[in-house]
Amino acid sequence: MNRRRFLAISAAALAASSATALAEPTIWSGYALGAEVKISLVGGTPEQALRTFGKMEAVLNGVEEHFSLYRDSALTRLNRIGRLTHPPTAMISLFQLVDHIHAATEGLFDPTILPLWLAIAGSGDVKHAQQLVGWHRVHVSEDEIALEPGMQLTFNGIAQGHAADLVALLLAEEGYRDVMIDTGEISARGLRPDGKCWRADIMLPSGRLVGRAELSDMALAVSSPEGTRIGPGAPHIVNPREQLPPVWKLAAVSASSAAVADGLSTAFCLMDRSAIDRTLAVLPEVHLQAII
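So the sequence shown is numbered by the working numbering: it starts at 874 and just counts up by one.
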């Protein structure tokens, strides 16, 4: 499942403004959680940039080890066995954030949809799979994460944002103040080298421009149900409660946290405008950038 976002970054660079800034950025690119990741560094020396890139690779690999569905990870073991003993603290933290987003979206952000998603994609027993959905049935403690029989989780609706948040934290610790990070979700910190806000164009899968976001110390996520189709033409964003199609073609959300923006952009595709407004009322740090 590749929930690619439809963002065009007009200044896709990650920079630290200083008198010693390099004339050309040092660029790292790769893949994490099924998505292309691109990060550019301006500032310091090439040796410093290489050390920072090495640390970023370790951060991204840690997210893969926890939440990837494409390799042997803590999540795939949890899905296979139904329980995970002594879960990493970072993993518990994201489960707690999901609790918050699940409540704020009136249950429409729900990582327990994986059996339903697989049933739709494979023309399986959708009615049976629907009975396996329910975030309230996931039991989390410091000692164990446990699922009820048959349940499986996917964090594809939030893990890329989580990765962007962790990379942003690392870069702040490394002394980079003005950064743009693209892990499939966007995290923009500080300003561009010209002193202006980072800018992102928001587009539908067709390429049609529908909005533009000016970002500083802010993250942006854009979800489009039509970006990927599963099964017999079904959109890849699935309603966890009812077999209803998405309400919107695209939802773009900004927030201080890329993980929060990621989860909300997914859920907002399934919510009518009054429900979205109720969520925004309890999350004043979140902004709806576009809804189509």
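Just so you know, even glycine gets a beta-carbon here, dropped at the ideal spot from N, CA and C. Keep in mind it's a predicted model, so treat the numbers as computed, not measured.
Item, Value
"Inter-residue spacing [alpha-carbon to alpha-carbon] between D945 and E938", "7 Å"
"Alpha carbon of Y943 to alpha carbon of E930, nearest angstrom", "17 Å"
"Neighbourhood of F926 by C-beta distance below 7 Å, restricted to the same chain and skipping five residues each side", "W901"
"I986 to A1037 span [Cα, whole Å]", "23 Å"
"Run of the beta strand (DSSP E) containing M1053, from where it starts to where it stops", "1052-1055"
"Among M1144, R1114, W1008, L957, the one whose alpha carbon lies nearest that of V971", "W1008"
"Residue closest to A908, alpha-carbon to alpha-carbon, out of G1030, Q1116, V1006, E1046", "G1030"
"Secondary structure, beta strand (DSSP E): runs of 3+ residues fully inside the stretch 989-1035", "1017-1019"
"Validate contact between the stretch 1115-1131 and the stretch 1085-1101 using beta carbons, cut 8 Å, 3 pairs", "yes"
"Three-pair Cβ contact test at 8 Å for the stretch 1000-1017 versus the stretch 1049-1056", "no"
"Q921, DSSP secondary structure in three states", "helix"
"Pair within 8 Å by beta-carbon distance, S977 and P961", "In the sequence as presented, Ser is not what sits at residue 977; that position holds Ala. No, they are not a contact pair."
"Same chain only: Cβ atoms within 7 Å of H959, ignoring 5 sequence neighbours per side", "D1016"
"Three-state class that DSSP yields for T1101 in the structure shown", "coil"
"L989 and V999 closer than 8 Å at C-beta", "yes"
"Three-way DSSP call (helix, strand, coil) for K911 in this model", "strand"
"Reference Y1049, options A905, T918, Y904, V910, closest by Cα", "T918"
"As assigned by DSSP and simplified to three states, the class of P1119", "coil"
"Given 8 Å, three or more beta-carbon pairs between the stretch 1103-1116 and the stretch 1081-1092", "no"
"Beta-carbon spacing of I993, I1103 below 8 Å", "yes"
"G1136, enclosing alpha helix (DSSP H) - first and last residue", "1131-1141"
"Sequence-distant residues of the same chain with beta carbon closer than 6 Å to E1021, five excluded per side", "R1010"
"Buried versus exposed call for P1157 [16 or more other C-beta atoms within 10 Å across all chains shown]", "exposed"
"Own chain residues within Cβ distance below 8 Å of V1040, not counting five before or after", "I912, M929, V932, L933, I1054, T1056, S1060"
"E1058, buried or exposed, once every other Cβ within 10 Å from all chains shown has been counted against 16", "buried"
"Cα-Cα separation between H1035 and M1144, rounded to whole angstroms", "23 Å"
"Nonlocal neighbours in the same chain, by C-beta distance under 6 Å from F968, ignoring five residues either side", "V1013"
"Buried versus exposed, by CB contacts within 10 Å (16 or more), H1001", "exposed"
"Beta-carbon proximity check, G1136 vs F940, cutoff 8 Å", "no"
"Paired residues, beta bridge with G903 - DSSP", "V910"
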